[in-house]
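Reviewing the structure listed below.
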Amino acid sequence: MIQQFVLIGLVSISLLAVNRPSLDESADPVTGPGFNHKAIVGVEKCVDCHKHSAEVWKNTVHYKTITEMPRSPKAKEIIDKMGLRRVKESLCTSCHGTEMWDTEHNEKTVEAGVSCESCHGAGMGWVNLHGEFSGKEEGEESEEEIAKRWRASEAAGMLRPSMIADIARNCVSCHVIDHEELVATGGHTAASEFELLSWSQGEVRHNNFYTNGKENKIASAERKRVLYLVGMLAEVEVLLDALGNAKAKSVYVASHATRFSKLRKKIISAAVASKEKSLLEFGKYLGTLKLSFKAREVLIPASKKVGEFLNTFSTSIDASTLSGIDALLPDPSEYKN
């Protein structure tokens, strides 16, 4: 059992705060990003315009997860250990599916696998707004009108690619499990081998809207650097919060502590390679903090400090200055497919 954690710093997950789960089936949601299922509009609303992106999605693990998971012996084992009736309950479907409200039967249902709104936010407030072109025809908006439309869509709950810190947190909210009993009792893995850059540039990549499906562009060199760093910072933020709220020493704590230690080393290595001042300072801070499980409550403010740095770094960094980390980035052959 790992009894020492190397720590760091800060901000609670803002828009996408990971919820403290509960086995109460009426408590919604219990894992994952925490979008309001009553505000989910459904895949078809997106497919109307984003048909090329939808075709990419239909060939991903995200698309298949809700149909394949119920047949998994491991899933059935976890359900039995957790005392749940069936796989398609909120504890599982908050991450393995897209929950929405069935108005006809007045109940929550699972619409699809990990679909558009699982990643881009519940669309009720923005799905029409983001595609209305300020009341004009496509291509007729001024730059000011386009910027205003995107700001309004973001304010209404849309997660756009430019919101890289919140996108990362959204991914991490499912790929790092912060439900202690699900791991310690249910036997669920504490985290997948998630890495934001390689997992976002493989099969899930759908950067094809503006080329009308003719090209699915890989991220630029600058964006790759930011994806790599922001993904690790978002994980550390969640890991520290999960460890700080842990109730007992278990495989849950050991797994998250080990994962944190590995990420810490990678972040420090990236800081040294980048020679970027703020990242170097943060890396030094990261390397000096060590806490025992008995003092785990201090991990919560540490998580908040990581979040504060993540928010500032992701919105202010000039990625063209980070070429020093290019040798550390996953090779395209490692992209998740």
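In the numbering used here, each residue carries its 1-based index in the sequence shown increased by 590. Idealized CB from N, CA, C, for every residue including glycine.
Would you mind stating whether residue i and residue j have Cβ atoms separated by less than 8 angstroms?
{"i": "Leu-830", "j": "Ala-847", "result": "no"}
{"i": "Leu-786", "j": "Val-820", "result": "yes"}
{"i": "Val-637", "j": "Ala-644", "result": "yes"}
{"i": "His-627", "j": "Trp-691", "result": "yes"}
{"i": "Gly-687", "j": "Ala-702", "result": "yes"}
{"i": "His-642", "j": "Asn-798", "result": "yes"}
{"i": "Arg-750", "j": "Ala-824", "result": "no"}
{"i": "Glu-770", "j": "Ala-836", "result": "yes"}
{"i": "Pro-623", "j": "Ser-788", "result": "no"}
Given that a residue counts as buried once 16 or more other Cβ atoms are within 10 Å of its Cβ, and exposed if not, what is residue i?
{"i": "Asp-1005", "result": "Nothing can be reported for residue 1005, as the shown portion of the chain is limited to 591 through 927."}
{"i": "Gln-594", "result": "Note that Gln-594 scores a pLDDT of 37, beneath 50, so its modelled location is shaky and nothing firm can be said."}
{"i": "Thr-683", "result": "buried"}
{"i": "Thr-905", "result": "exposed"}
{"i": "Asp-756", "result": "buried"}
{"i": "Asn-718", "result": "exposed"}
{"i": "Ser-662", "result": "exposed"}
{"i": "Pro-922", "result": "exposed"}
{"i": "Gly-725", "result": "exposed"}
{"i": "Ile-736", "result": "exposed"}
{"i": "Thr-655", "result": "buried"}
Would you give the residue range spanned by the alpha helix (DSSP H) that residue i belongs to?
{"i": "Lys-726", "result": "It is not in any alpha helix (DSSP H) - Lys-726 carries neither H nor E in the DSSP assignment."}
{"i": "Ala-774", "result": "770-774"}
{"i": "His-642", "result": "641-647"}
{"i": "Asn-798", "result": "Element bounds for Asn-798: n/a, residue is neither H nor E."}
{"i": "Phe-625", "result": "Where Phe-625 is concerned, there is no enclosing alpha helix (DSSP H), given that its DSSP letter is neither H nor E."}
{"i": "His-652", "result": "651-658"}
{"i": "Pro-663", "result": "663-672"}
{"i": "Lys-738", "result": "733-745"}
Grouping DSSP H, G and I as helix and E and B as strand, with all else coil, what is residue i?
{"i": "Glu-827", "result": "helix"}
{"i": "Met-690", "result": "strand"}
{"i": "Ala-702", "result": "strand"}
{"i": "Lys-814", "result": "helix"}
{"i": "Leu-879", "result": "strand"}
{"i": "Val-766", "result": "strand"}
{"i": "Glu-866", "result": "coil"}
{"i": "Glu-634", "result": "helix"}
{"i": "Ser-910", "result": "helix"}
{"i": "Glu-697", "result": "strand"}
{"i": "Val-677", "result": "coil"}
{"i": "Arg-840", "result": "Strictly speaking, residue 840 in this sequence is Ser, with Arg absent from that position. Coil, per DSSP."}
{"i": "Glu-805", "result": "coil"}
{"i": "Met-822", "result": "helix"}
{"i": "Ala-712", "result": "coil"}
{"i": "Gly-897", "result": "helix"}
{"i": "Arg-759", "result": "helix"}
{"i": "Gly-777", "result": "coil"}
{"i": "Ser-752", "result": "coil"}
{"i": "Pro-922", "result": "helix"}
How many whole angstroms separate the CB atoms of residue i and residue j, which I take to be in contact at a CB cut-off of 8 angstroms?
{"i": "Gln-791", "j": "Tyr-653", "result": "About 18 angstroms separates the two Cβ atoms, so there is no contact after all."}
{"i": "Leu-681", "j": "Leu-772", "result": "7 angstroms"}
{"i": "Ala-774", "j": "Val-841", "result": "6 angstroms"}
{"i": "Leu-918", "j": "Ala-844", "result": "Not confirmed; about 26 angstroms, so no contact."}
Which first and last residues belong to the beta strand (DSSP E) in which residue i is found?
{"i": "Glu-785", "result": "It is not in any beta strand (DSSP E) - Glu-785 carries neither H nor E in the DSSP assignment."}
Return no unless some Cβ of chain B is closer than 8 angstroms to the Cβ of residue i.
{"i": "Ala-847", "result": "Included in the structure is just one protein chain, with no chain B present."}
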